[in-house]
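Number of protein chains: 2
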Amino acid sequence: MEPLELLECSPPLAREPLTMQQAAGVAQVFKALGDPVRLRILSIVASHTGGEVCVCDITGAFDVSQPTISHHLKVLKEVGLLTSERRGSWVYYRLVPETLSELSALLNVPATV
Amino acid sequence: MEPLELLECSPPLAREPLTMQQAAGVAQVFKALGDPVRLRILSIVASHTGGEVCVCDITGAFDVSQPTISHHLKVLKEVGLLTSERRGSWVYYRLVPETLSELSALLNVPATV
DNA sequence: AGCATGAATAGATATCTGTCAATATAGATA
DNA sequence: TATCTATATTGACAGATATCTATTCATGCT
Numbered sequence: 001m002e003p004l005e006l007l008e009c010s011p012p013l014a015r016e017p018l019t020m021q022q023a024a025g026v027a028q029v030f031k032a033l034g035d036p037v038r039l040r041i042l043s044i045v046a047s048h049t050g051g052e053v054c055v056c057d058i059t060g061a062f063d064v065s066q067p068t069i070s071h072h073l074k075v076l077k078e079v080g081l082l083t084s085e086r087r088g089s090w091v092y093y094r095l096v097p098e099t100l101s102e103l104s105a106l107l108n109v110p111a112t113v
Numbered sequence: 001m002e003p004l005e006l007l008e009c010s011p012p013l014a015r016e017p018l019t020m021q022q023a024a025g026v027a028q029v030f031k032a033l034g035d036p037v038r039l040r041i042l043s044i045v046a047s048h049t050g051g052e053v054c055v056c057d058i059t060g061a062f063d064v065s066q067p068t069i070s071h072h073l074k075v076l077k078e079v080g081l082l083t084s085e086r087r088g089s090w091v092y093y094r095l096v097p098e099t100l101s102e103l104s105a106l107l108n109v110p111a112t113v
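Chain order of the listed sequences is A and B.
Going by UniProt numbering, the first residue of the first sequence is number 1, and it counts up by one from there.
Going by UniProt numbering, the first residue of the second sequence is number 1, and it counts up by one from there.
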C-alpha cells in the first residue's frame with residue numbers, strides 16, 4: 001500500500017481557495033497531526049539524533065499501550081509523515097522531511113506589509 | 001472567552017520532543033485543520049482579497065448547512081486561527097496570520113545536508 | 001412595533017476515533 | 001523445533017465529532 005500523495009498540487013492556503021479534493025487530501029495529514037500522542041511521537045522521531053527511532057524507544061515514552069502506539073505509527077505512516085524499516089527484531093521509524101516541508105509551505109503566509 | 005495560547009513555547013518538532021502539555025495544545029490547532037470543510041474555509045478566508053470574508057460568502061461555497069458552517073467557524077476561532085467582527089447584519093471573519101506562521105515554524109525541518 | 005434576514009445556538013443522531021485486551025506475526029536463539 | 005522478544009493486527013467499546021432540523025438572537029427596515 002503506497003502512501004498516497006495527499007499533498008499533491010495544493011497551493012499555499014493564502015494564495016487561492018483549495019478545491020474539495022485538495023482540502024480532503026491535506027486534511028488527512030493535518031488530522032494525523034491532530035492527536036497529542038501522534039504529535040509527540042513525531043517530535044520524538046524528528047528530533048532524534050540519527051534520524052531514526054526504534055519502536056521500543058517510543059513505547060517507553062508514553063502511558064498508553066503498545067498496540068495504541070503501533071496504531072498511531074500506522075496512521076503517521078499512511079499519510080506519509082513517517083517511514084519504517086525492520087532490521088532484525090526491531091522496527092525503526094524515520095521522518096519524511098519532504099512531507100513536513102510541504103505542510104510548512106502550505107501554511108506559509110506572505111508577510112503582512 | 002479568550003482564544004487560548006495553544007502554541008505557546010512549543011519548539012520546532014525537529015528540535016526537541018514536545019512535552020505532553022505542548023503536544024496537547026498544538027494538537028488542538030492541527031485537529032482544527034484536520035477537517036476538509038474547515039481547511040477549505042480557512043483557505044477561502046486566507047486567500048480573499050481584503051483579508052476578510054462575510055459568512056454569507058462562505059456558506060454559499062459549500063453543500064453543508066449554515067449551522068454546520070457556523071460550527072466550523074467557531075472551532076477555527078477557538079483555536080486562534082480566525083477572528084470575527086460583526087458590522088451591521090453581517091459578520092466578517094479574518095485570518096490570524098501569526099497563528100499560521102507559528103504552525104509553519106513548528107513544522108520547519110532543518111535542511112537535510 | 002412588526003417583520004425580514006444573517007448568523008449562532010440547542011438538541012439529536014449516525015459515524016468516526018482512540019484505547020485496550022487478546023491474539024497473531026516475524027525474527028532471533030537455544 | 002520450541003521458545004522468547006518485538007511489533008502488528010483484531011475486535012470491542014466509550015467518548016468525540018460532523019451533520020442536520022428547529023429555534024433563538026441580532027440587526028436593519030418599513
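Ideal placement from N, C-alpha and C gives every residue a C-beta, glycine not left out.
Per DSSP, the bridge partner or partners of residue i
{"i": "B:C54", "result": "B:Y92"}
{"i": "B:L82", "result": "B:L95"}
{"i": "B:R87", "result": "B:W90"}
Opening and closing residue of the alpha helix (DSSP H) in which residue i lies
{"i": "B:G25", "result": "20-33"}
{"i": "B:R38", "result": "36-47"}
When the options are compared against residue i, the one with the closest alpha-carbon
{"i": "B:T49", "options": "A:W90, A:A24, A:S101, A:L13", "result": "A:L13"}
{"i": "B:A32", "options": "B:V79, B:C54, B:G51", "result": "B:V79"}
{"i": "A:L82", "options": "A:G51, A:T68, A:L39, A:L95", "result": "A:L95"}
{"i": "A:L76", "options": "A:S47, A:G34, A:E8", "result": "A:G34"}
{"i": "A:R86", "options": "A:L42, A:R38, A:E52", "result": "A:E52"}
{"i": "A:A23", "options": "B:V91, B:L73, B:V55, B:R38", "result": "B:R38"}
{"i": "B:L73", "options": "B:Q21, B:I41, B:C9", "result": "B:I41"}
{"i": "B:L7", "options": "A:L6, A:P36, A:E8, A:Q21", "result": "A:P36"}
{"i": "A:L11", "options": "B:Q21, B:N108, B:S47", "result": "Note that residue 11 of chain A is Pro in the sequence shown, not Leu. It is B:S47 whose Cα lies nearest to the Cα of A:P11."}
{"i": "A:Y93", "options": "A:C9, A:P110, A:V55, A:Q21", "result": "A:V55"}
(request) Output, in sequence order along the chain, the residues in the region 25-47 of chain A whose CB is closer than 7 angstroms to any CB in chain B. (result) V26, A27, F30, K31, L33, G34, D35, P36, L39, R40, L42, S43, I44, A46, S47
(message) Beta carbons nearer than 8 angstroms to chain A: which residues of the region 62-89 of chain B have them?
(response) none
(message) I want to know whether the region 49-59 of chain B touches the region 28-42 of chain A - three or more CB-CB distances under 8 angstroms.
(response) no
(request) With 7 angstroms as the limit, tell me which residues of the region 88-107 of chain A have their beta carbon closer than that to any beta carbon of chain B; keep them in chain order. (result) P97, L100, S101, L103, S104, L107
(request) Evaluate the contact criterion for the region 13-22 of chain B versus the region 62-77 of chain B: three or more CB pairs, one atom per stretch, below 8 angstroms. (result) no
(message) I'd like to know if the region 99-111 of chain B and the region 95-108 of chain A are in contact, where contact means that at least 3 CB-CB pairs between them fall below 8 angstroms.
(response) yes
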